[in-house]
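Chains D and E supply the protein sequences, listed in that same order.
Residues in the first sequence are numbered from 82 upward in steps of one, following the numbering used here.
Residues in the second sequence are numbered from 58 upward in steps of one, following the numbering used here.
We put the CB at the ideal spot given by N, CA and C, even for glycine.
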Amino acid sequence: MKQEGVNQAPKEERSTTYQRKFEKVNEIINRLGRSQSALIPILQEVQEEYRYLPEEILTYIATALGLSPASVFGVATFYAQFSLEAKGKYVIKVCDGTACHVRGSNPVLAAIKKRVNLTGDKKTTSDLRYTVETVSCLGACGLAPVLMINDKIYGQMTPEAINIILDQLEKEEAADE
Amino acid sequence: MNKEQLEQWKDQWRRGFEREKARILVCAGTGCVANGSLAVYEALKKEVEARGAYVTVDLLLEGEKTGVAVVKSGCHGFCEMGPLVRLEPSGILYTKVKAEDAAEIVEALLSGGEPVARLLYRHPLTGQVYEAEHQIPFYHNQQRTALAHCGQIDPEDIREYVADGGYEGLKKALTQMTPEEVCQEIIASGRRGRGGGGFPTGRKWDLTRIEKGPKKYVVCNGDEGDPGAFMDRSLMEGDPHRVLEGMAIAGYAIGADEGYIYVRAEYPLAVQRLKTAIAQAKEYGLLGQNILGTGFNFELKIKEGAGAFVCGEETALLASIEGRRGMPSPKPPFPAQSGLWGKPTLINNVETFANVAQIIVKGAAWFSSIGAENNTGTKTFAITGQVANTGLIEVPLGTTLRQVVFEIGGGIRGGKKFKAVQIGGPSGGCLTEEHLDLPLDFDSLKAAGAMIGSGGLVIMDENTCMVEVARFFMNFTQNESCGKCVPCREGTKRMLEILQRAVDGEGRPEDVDLLQELAEAVRDGSLCGLGKTAPNPVLTMLKYFKDEYIAHVVEKRCPAGVCSALKGYQIDPEKCKGCSKCARACPVQAISGELKKPYTIDQTKCIKCGACVTNCPFKAIKEG
């Protein structure tokens with residue numbers, strides 16, 4: 082097994098995991114500075130590190146920057162990029178900008194949700210593998226409909242192409258392990 | 058670094074580039090990269106190397122003999138046909154190139170033979186084949202000034218920009234002009250801001266210049282949030298130095314020594330190219346301290362947005378840079394008086410900065426000779442939707458919609474009928490066939506109820522439902538409303554409900570007047586541009602496609618056949634043989650008729666299950 086789940090770890094070990102968690106945050110804060118204008122870049126890097134913004138870390142950042150927790154939560158909830166819930170390993174952003182919408186982004190979204198078994202308003206699969214969300218525009222309108230998986234853009238999507246891409250992704254993942 | 062040094066470099070680098078025997082430019086914009094252009098680049102490089110002809114710019118600059126350079130360029134704008142490969146000096150453009158095509162391309166280039174015919178652009182309607190990029194109607198009818206370098210140079214190499222006359226505008230401004238003269242030149246050019254509002258750029262500069270105070274800021278608004286617009290992304294990715302140069306000139310003109318570029322989080326490639334460009338400009342002393350030995354200092358920083366459409370509004374953008382929630386504040390005070398951290402701040406759009414250096418070098422008269430009266434210069438538009446050629450274009454202001462859609466865009470896909478064009482994204486409106494000869498400029502569009510906005514043009518054909526499109530935009534603005542002022546926060550929500558009802562087949566006849574009244578109230582009562590323009594798609598829909606809306610709410614019918622709740626089934630009397638199979642299959646006895654004569658469906662009984670369609674042996678039953 083690659084890593085032990087935090088929940089099963091003995092108490093002493095858990096507190097060191099915790100310390101390590103804040104060490105990384107401290108490093109980010111020290112590098113970017115403690116002014117309010119650094120808040121958004123700090124949150125961006127923290128999210129990059131943990132794939133979401135854990136609540137205790139937001140309070141920690143607020144204290145470190147001398148801001149009220151409310152104003153840090155305010156910023157974290159204002160911007161669409163930030164998530165207070167854990168995201169999946171693969172974040173699939175389906176573009177629903179005008180160009181993609183008129184060229185059929187809805188069937189593509191439906192196909193992805195069906196493939197990864199997401200129903201209703203749920204955005205992340207319970208095994209934390211996939212998060213599926215819509216974005217307003219990825220700026221690759223010439224290739225509509227488009228989607229982005231982590232940092233890679235895929236253009237001229239069809240419901241059939243989704244299966245090929247995700248098959249490929251899962252194959253690569255299996256090869257990595 | 059002083060001004061003579063810039064001249065020397067320019068001459069030296071230009072001579073280096075001139076030694077290239079040929080050059081292969083592979084588009085590395087977001088669109089082409091998504092289509093696999095990086096693999097094409099590697100394959101072409103390998104093929105040229107294998108034939109011993111490969112040469113890098115660095116070797117040429119050291120006086121190496123000649124050879125073929127393979128470089129990555131910015132976006133050509135013709136994303137639909139990507140990955141694109143352009144050859145120089147011949148100007149040949151290959152479309153939809155795959156890595157497997159590399160050997161053939163290089164062979165044809167080195168042997169001086171005929172170009173690879175199957176990769177050339179073929180017009181979808183006329184079938185004509187074009188060799189050179191500039192002959193293709195998509196490019197032929199454009200006039201590229203801001204985008205002049207996009208697709209032509211390597212955006213990650215400052216030497217290419219300088220060799221082509223880059224940073225000469227900055228040199229001229231710093232060494233031959235006073236800040237006031239720079240502002241006057243921009244005023245004389247008649248340039249209006251390209252971010253959407255169309256405020257005269259030079260006046261904005263001068264208003265910031267005359268503010269007193271030791272600290273001022275220049276901010277570049279690269280938060281291109283309008284769905285369907287990507288001109289700023291292409292500029293930042295394809296020619297980042299041009300944006301930096303424009304900002305440095307602005308810094309000199311208003312008396313600022315610090316600037317910020319605010320880029321959307323969704324544009325990682327643009328961020329990376331800008332970072333590279335800033336580092337190179339600093340290395341060569343074109344940004345930073347004592348630029349060109351003139352004593353002028355200018356530092357640039359990049360701020361990445363975090364996904365909020367409202368941050369495209371200038372006061373909200375400034376709040377976001379300061380690390381706060383991106384909410385707009387009332388104006389006045391304008392940013393020119395009290396902007397970033399309360400200091401006088403000049404904030405312009407990416408495209409606005411991109412033309413500045415050319416105006417300084419070529420003069421205001423050159424710029425104002427392009428375009429129309431009060432609407433000088435060119436404007437970039439992103440054409441997308443149901444049009445044959447999608448992509449990024451640049452035309453003089455005053456070009457008609459017809460020219461853009463039919464000459465450059467190549468007409469509607471699949472030979473369908475043009476229905477409408479949505480211009481300016483969720484803040485703009487839709488225009489119809491009767492507007493095809495309307496000149497695209499700030500004032501004409503405003504008079505028609507639309508606006509240039511960022512310049513996104515989404516073309517829609519007869520199969521598009523305008524009510525659904527209005528609902529789509531309202532859903533967008535409602536989501537993106539920051540919630541600060543009541544008319545926008547509540548008004549967009551209620552408008553969305555009304556439109557949703559119409560699309561779901563639950564519309565009420567009184568909704569027609571209610572929607573109109575509400576839209577006007579939101580337009581007149583909102584605090585910032587987002588709320589003031591959010592009703593535009595609804596208002597233009599009610600103005601130009603009222604019949605369609607009434608069909609939804611009164612007749613419960615979607616004329617375009619898009620809204621699934623309003624879909625019904627019709628029997629085509631020409632095809633129906635009267636076999637009665639459908640009537641027997643219908644679970645609710647909604648179909649009746651006489652044997653051997655066309656049957657009919659009673660729409661009030663029909664539950665839209667589709668059983669009749671699958672049972673009809675003659676394909677006589679259609680949705681619609």
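Neighbour-count burial assignment, His298(E), 16 or more Cβ in a 10 Å radius: buried
message: Cβ closer than 9 Å: which chain E residues qualify as neighbours of Phe154(D)?
response: Here the premise fails: no neighbours, minimum Cβ distance about 10 Å.
Chain D contacts from the region 504-519 of chain E (Cβ-Cβ distance under 8 Å): Gly513, Val515, Met517
field: Three-state secondary structure (DSSP) of Phe391(E)
entry: coil
- prompt: Between the C-alpha atoms of Gly86(D) and Lys360(E), what's the straight-line distance to the nearest angstrom?
  reply: A caution first: Gly86(D) carries a pLDDT of 42, below 50, which makes its placement in the model unreliable, though a value can still be read off. Roughly 36 Å separates the two Cα atoms.
task: Out of Ala640(E), Phe410(E), Asn672(E), state which residue places its alpha-carbon closest to the alpha-carbon of Cys663(E).
output: Ala640(E)
field: Uninterrupted alpha helix (DSSP H) stretches inside the region 413-440 of chain E (no shorter than 4 residues)
entry: 413-419, 421-425
field: Three-state class that DSSP yields for Asp68(E) in the structure shown
entry: helix
- request: State yes or no: is the beta carbon of Ala242(D) nearer than 8 Å to at least one beta carbon in chain E?
  value: no
message: Between which residues of its own chain and Gly73(E) is the CB-CB distance below 7 Å, once the five residues before and five after are set aside?
response: Val114, Leu117, Leu118
task: Please state if the CB of Val515(E) and the CB of Gly208(E) are separated by a distance shorter than 8 Å.
output: no
field: is_contact[Ala445(E), chain D] using C-beta, thresh 8 Å
entry: no
field: Buried or exposed by the 16-neighbour rule on C-beta atoms within 10 Å, applied to Ala608(E)
entry: buried
query: Could you check where the alpha helix (DSSP H) with Tyr131(D) kicks off and where it finishes?
result: 120-131
query: Which runs of the beta strand (DSSP E), 3 residues or longer, sit entirely within the region 198-222 of chain D?
result: 211-216
query: Tell me which same chain residues have a C-beta within less than 6 Å of the C-beta of Lys654(E), skipping the five on either side of it?
result: Gly635
task: Would you mind telling me which residues of chain E sit closer than 7 Å to Gly223(D), beta carbon to beta carbon, in chain order?
output: Gly88, Cys136, Glu137, Thr441, Thr447, Gly448
message: If we define contact as Cβ-Cβ less than 8 Å, is Phe163(D) a contact residue for chain E?
response: yes
message: Going by DSSP in three states, Pro566(E) sits in which element: helix, strand or coil?
response: coil
- prompt: Quick one: is Glu302(E) buried, meaning 16 or more other Cβ sit within 10 Å of its Cβ, or exposed?
  reply: buried
- prompt: Should Thr534(E) and Val619(E) be called a contact, given that it needs their Cβ atoms to be closer than 8 Å?
  reply: no
message: Let's see if you can read the secondary structure: which residues bound the beta strand (DSSP E) around Ile607(E)?
response: Here Ile607(E) belongs to no beta strand (DSSP E); instead the alpha helix (DSSP H) covers 603-610.
- prompt: Of all the CB atoms in chain D, is at least one closer than 8 Å to the CB of Ala85(E)?
  reply: no
Residue-chain proximity (Val127(D), chain E), Cβ-Cβ < 8 Å: no
query: Would you call the region 86-94 of chain E and the region 241-254 of chain D touching, i.e. three or more CB-CB distances under 8 Å?
result: no
task: Pull out every residue of the region 277-295 of chain E whose Cβ sits closer than 8 Å to any Cβ of chain D, in chain order.
output: Glu281, Gly282, Asp283, Pro284, Gly285, Ala286, Phe287, Arg290
- prompt: According to the neighbour-count rule (16 or more other Cβ atoms, all chains shown, within 10 Å of its Cβ), is Met82(D) buried or exposed?
  reply: Residue confidence for Met82(D) is low, a pLDDT of 40 falling below 50, so the modelled location carries little weight; the figure read from the coordinates is stated next. Its Cβ having fewer than 16 others within 10 Å, Met82(D) is exposed.
- prompt: So Glu371(E) packs on Ala327(E), CB below 8 Å; how close in whole Å?
  reply: Their Cβ separation, rounded to whole angstroms, is 19 Å, which puts Glu371(E) and Ala327(E) out of contact at 8 Å.
- prompt: What separation, rounded to the nearest whole angstrom, lies between the Cα atoms of Glu237(E) and Ala338(E)?
  reply: 25 Å
query: Three-state secondary structure (DSSP) at Ala477(E)?
result: strand
- prompt: Would you call the CB atoms of Ala439(E) and Leu449(E) closer than 8 Å?
  reply: yes
- prompt: DSSP puts Pro41(E) in a beta bridge; with which residues?
  reply: Residue 41(E) is absent from the model: chain E starts at 58 and stops at 681.
query: What span of residues does the beta strand (DSSP E) with Lys78(E) cover, start to end?
result: 77-84
field: Under 8 Å (Cβ pairs) to chain E, residues found in the region 116-146 of chain D
entry: Ser116, Gln117, Ser118, Ala119, Leu120, Ile121, Pro122, Leu124, Gln125
task: With DSSP as the reference, label Arg381(E) as helix, strand or coil.
output: coil
7 Å Cβ cut-off: residues of chain D touching Ile378(E): Ser118
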